[in-house]
Amino acid sequence: MKQLLTLVATLALVGTAFAAEIGKPAPDFTGTDIRGRTIKLADFKGRIVVLEASNSDCPFCANHLKTGALQELQKEFIAKGVVWLMVNSVNPRNSSHRTPEQARAEWDQKKLNATAWIDDSSGAIGKLYGLKTTPHMIVIAADGTVAYSGALDDRPAPFGDPRTARNYVREAVTQLLAGQRVLVSQTKPYGCAVHY
Amino acid sequence: MRCLLKLLAVLFLGCFTASALTAHTQAKLILSLQTARAGDSVLAGIHLQMEPAWHTYWKNSGASGIPTTLAWTLPAGIKAGPVQWPVPEKLPPDDFTTYVYQNEVVLLVPLQISPEAKAGVAGIKVHVEWLECKEACVPGSADLLASLNLGAEQAASPDAPLFAAWQKRLPESSSKLVAHAAWEKPAVGDLRPLVIEWSGAGIGEPDFYPLGSDAFEVQGETERLLSSGGLFRLRKQVKRFSGDWPAKISGLLVLKTPTGIVAYETDLSSAPLAPVANPSATPEPAVSLTQPLWKMLLYAFLGGLILNAMPCVLPVIALKILGFVREARSDPRHVRKLGWVYALGVLVSFLSLAGVVIAVQAAGHKAGWGMQFSNAQFTVGLTVLVTLVALNLFGLFEVNPGSRVLGTAGNLAAQSGLAGAFFNGVLATILATPCTAPFLGAALGFAFAQPVPIILLMFAAVAAGLAAPYVVLSWKPAWLRFLPKPGAWMEHFKIAMGFPMLATALWLLNLTTIHYGDRSWWLGIFLVMMSAAAWIWGTFVQRGSAQRGLAVVIVILFMAGGYFGILEAQLHWRSSPDSASDTRVLAHAPEGYAWSPWSPEAVAKARAEGRPVVVDFTAKWCLTCNLSVAPAFASKSVVEQLQKLNAVALVADYTLYPAQITAELARFQRSGVPLVLIYPRDSAKPPEVLPEPLPYPASYIPVLLGALERAVR
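Line order of the protein sequences matches chains A and B. Per the working numbering, residue -16 is the first one in the first sequence, and the count goes up by one each step. Per the working numbering, residue 1251 is the first one in the second sequence, and the count goes up by one each step.
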């Protein structure tokens, strides 16, 4: 009985916290981006998709943006046909929440290069993928399975140059593009709470 | 951008000052000594003071945040050691746990001054970076400076008291305790349950604060499996990111007590139950700690069933039988309903008890069966209640059909009401608690160390056992055919049952002497006054016709006089009674042999001398202890055997529920007394836990003799 209870609790935990399980099909979602477009994951079937839990007020994200390292990575990936979806799940009551209008202004000011910035203020997509922190990164392979979940790089810091770090997302995407197995498929995400 | 400006301003202001203020955190560098000598070790402290609700992070920040970092710039001849981190706070929620410092913290760093260091003033510089968070997070940093005089004489700095205070908040070394960790079962996905267990002093809420790792994460949620008797066990889920399942997990074993927090630094080898520290201090093995739940539920049910035959419960039971006799020939559906309501009364009472147990444990205390008798007011209330029930049985007064609070006997004459049946169940439960029956001790000992749902389940099983006979009889009233037809004998039987009830009241009155000593006599006087009032009520108010008003006034005068003049003025029944003094410990020891007070040291000493040891855990309120165990120990044959074996006899008095004895009972998976342990002469062997006695004299003598024989084999 006790074992059964534990099992049920464990399964529940697995079910909620790790919906994005490595090697398993990535759950589909539909969202609206800051320009009012409908973004559906299934539409990108056959392409590598990067999900970025983003909040530019978080010092960790802010450092990646301030140094321009994140924009460079976005540009590099887009050029290779990779889809980059920023998922901003900050709830509307939080001071870090952005209205679509504010988000568009920030997009221009920070010279973002992502495919789209999804307004996920309901938290639906973030919770579906168990996004824990900003920046928590997910890489979805072209076959629609989850290939990577975790930190952007091995340098959790709000200071300094991220280019000096080992970038797990770049590694995963590069390996996928080369048709190789992703070596590091899971790391501990660092950063700020998502503010669901 | 705003943050950046702030940061720049801070860096500017902060350069080469002893303190710096960012948005929400003030940082300061302090030293334990103003003047140090060459070769000394000085403590440096980074004093971070956060605004309310802001926090900085521990060396494992948890799900978000980053640890504060220090970079030293030190003159030649001074070296900085590793940071000593005070015990952090664990910040919920469970699925996003962080380990933080709120309000303030002093991170301690030992500075070693080389013996060759020259006299003069040394500049100590440190660059501190931290992340401060409330809802949002802001990075902060500061360059801090302090000067240390190097001279011939040590001189403490004005900050020395602050160092003393924060050194107390560092985790202690785990050499003071024994800890184990073991994988409970194979992984489910990337999650695997780890059970951590340790024994140590203190009572409170155990937890484990892990150190960080890139390869795995010990998740925030803690399932507390056991927290009693100096034994703590909890389950953590470990999430693996890469590599094999870790063989070693480091962190703090934490105990949150009502007065503060104690933590021990530890490295847990996650091999199956391998001792990691100080194996010589391993306590003697207690009984097997893992029992299948179904077996324990069965024990709980059987224990509840046997409770029916215990002298504490018997009078209530007899009344219940009477009820059936009266009802057997009436509407069977009504009878069934009464049976179920009675069972419901038992169940509700047991679940309330379970609730109390859970609440007491949640408050960081230990709970035990029968612990309510260590509460003076409870005992007084119960004495009054049972006396009233006895008087009611004698027919001194009736319980108004309109308000069936004391429905036990009154309802036998009138219609057996649902409220009466319910109350019967409650009363049976209350009266059952001072008894433990065979099976019940093991079952409850198991239950008290379980998580909340299991505690509730176990108590429900005892309730089911206690109520089972009536539910069965209410379905098959025909089985009661052997009893005579209802008639005048029922009235006689009812009065006869008043006497065991009165005896119960007397026993309870005797119990109050634990708390009030000689003053308990006044409670007796009050009971007499109350009885008189009950008689006047029954005879002149309920059955009389004339002068009813006068009778009511007299009853009120009696009760008010009794309450204010005796309970308040003489008994001081509400004042917290004197606690037990150790001199009384031997008051409940069996006679005929030289018994000494129990202590772990006394056991160890006797075993070292190669003598067998007998420990009798008893309490004044424990009927089974006093009716069965003590007389058995005092019997001629057992005394002779004890003398022959030169056994050391120790008595542990649980009357007032001392924490040390609660802890020892829990070690043997018991939540109450009686418990008899016999330690064999061969000190390598574990003690034998004797089976629970029936509360009838002489039944326990052969059990004791047999166990004593085995002890010297």
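Heads up, the beta-carbon is just placed ideally off N, CA and C, and yes, glycines get one too. Remember, predicted model here, so these are calculated numbers, not experimental data.
- Annotation for Asn1674(B): the continuous alpha helix (DSSP H) segment containing it runs Leu1668 to Ala1682.
- Taking C-beta atoms under 8 Å as the contact rule, Ala1710(B) and Leu1555(B) fail to qualify, at a distance of about 14 Å.
- Around the beta carbon of Val1639(B), 16 or more other beta carbons sit within 10 angstroms, so the residue counts as buried.
- Of the candidates Thr1275(B), Gly1815(B), Gly1737(B) and Leu1643(B), Leu1643(B) places its Cα closest to the Cα of Pro1750(B).
- A contact is defined here as three or more CB-CB pairs under 8 Å, and the region 1837 to 1846 of chain B meets this definition with respect to the region 1875 to 1891 of chain B.
- Taking each of Gln1627(B), Val1585(B) and Phe1698(B) in turn and checking the Cα distance to Val1722(B), the smallest one comes out for Val1585(B).
- Under the 8 Å criterion on CB atoms, Glu1890(B) is classed as non-interfacial with respect to chain A.
- The contact set of Cys41(A) on chain B, defined by CB atoms closer than 7 Å, consists of Cys1387 in chain order.
- In the same chain as Val1926(B), and ignoring 5 residues on each side of it, the C-beta atoms closer than 6 Å to its own belong to Asp1866 and Leu1940, in chain order.
- DSSP places Ser1770(B) within a helical segment (H, G or I) once states are collapsed to three.
- Measuring C-alpha to C-alpha distances from Leu1641(B) to each of Lys1735(B), Val1596(B), Met1747(B) and Leu1543(B) identifies Met1747(B) as the nearest.
- In the structure shown, Cys41(A) adopts coil according to DSSP, grouped into three states.
- The DSSP-derived three-state label of Gly1315(B) is coil.
- For Ser1500(B), the nearest beta carbon of chain A is not closer than 8 Å to its own beta carbon.
- Restricting attention to Asn1876(B), Ser1724(B), Leu1954(B) and Thr1763(B), the CA atom closest to the CA of Leu1892(B) is found in Leu1954(B).
- For chain A, the residues of the region 1338 to 1372 of chain B that bring a beta carbon within less than 7 Å of one of its beta carbons are Asp1345 and Phe1346, in chain order.
- In the DSSP assignment, Met120(A) falls within the unbroken beta strand (DSSP E) covering His119 to Ile123.
- By the Cβ-count criterion, Trp1544(B) is exposed, with fewer than 16 other Cβ atoms from all chains shown falling within 10 Å of its own Cβ.
- Across the set Ser1291(B), Leu1821(B) and Tyr1307(B), the C-alpha of Leu1821(B) shows the shortest separation from the C-alpha of Asp1768(B).
- Contacts with chain B (Cβ-Cβ distance below 9 Å) from the region 71 to 83 of chain A involve Asn77, Ser78 and Ser79, listed in chain order.
- Under the DSSP assignment, Asn1642(B) falls in the alpha helix (DSSP H) whose first and last residues are Ala1626 to Phe1644.
- For Lys49(A), the three-state secondary structure derived from DSSP is helix.
- Taking 8 Å as the threshold, the shortest C-beta distance from Ala124(A) to chain B does not fall below it.
- Using beta-carbon distances, Glu154(A) does not count as an interface residue toward chain B, since no partner is under 8 Å.
- The beta carbon of Tyr1904(B) sits closer than 7 Å to the beta carbons of Phe1867, Thr1868, Ala1869, Ile1911 and Val1923 from its chain, once the five residues preceding and following it are set aside; these are given in chain order.
- For Glu1379(B), the residues of chain A that pass the 7 Å Cβ criterion are Phe142, in the order they occur in the chain.
- Per DSSP, the continuous alpha helix (DSSP H) segment holding Val1721(B) begins and ends at Val1702 to Trp1725.
- Interface criterion met: the Cβ of Ala176(A) is under 8 Å from a Cβ in chain B.
- Across the structure, Gly1450(B) and Phe1482(B) are spaced so that their CA atoms are roughly 8 Å apart.
- Within chain A, not a single residue places a beta-carbon under 7 Å from that of Phe1709(B); the smallest gap is close to 15 Å.
- Under the Cβ distance rule, Ser1424(B) does not count among the residues neighbouring chain A, no pair being separated by less than 8 Å.
- In the structure shown, the three-state DSSP call for Ala99(A) is strand.
- By the criterion of a C-beta distance shorter than 7 Å, Phe60(A) is surrounded in its chain by Val33, Trp67 and Val156, once the five residues flanking it on both sides are discounted.
- Not a single C-beta of chain A is nearer than 8 Å to the C-beta of Phe1698(B).
- In this chain, Ala1396(B) is not harboured by any alpha helix (DSSP H); it is covered by the beta strand (DSSP E) spanning Cys1387 to Leu1400.
- Contact check for Leu1677(B) against Val1712(B) fails: the beta carbons are separated by 8 Å or more.
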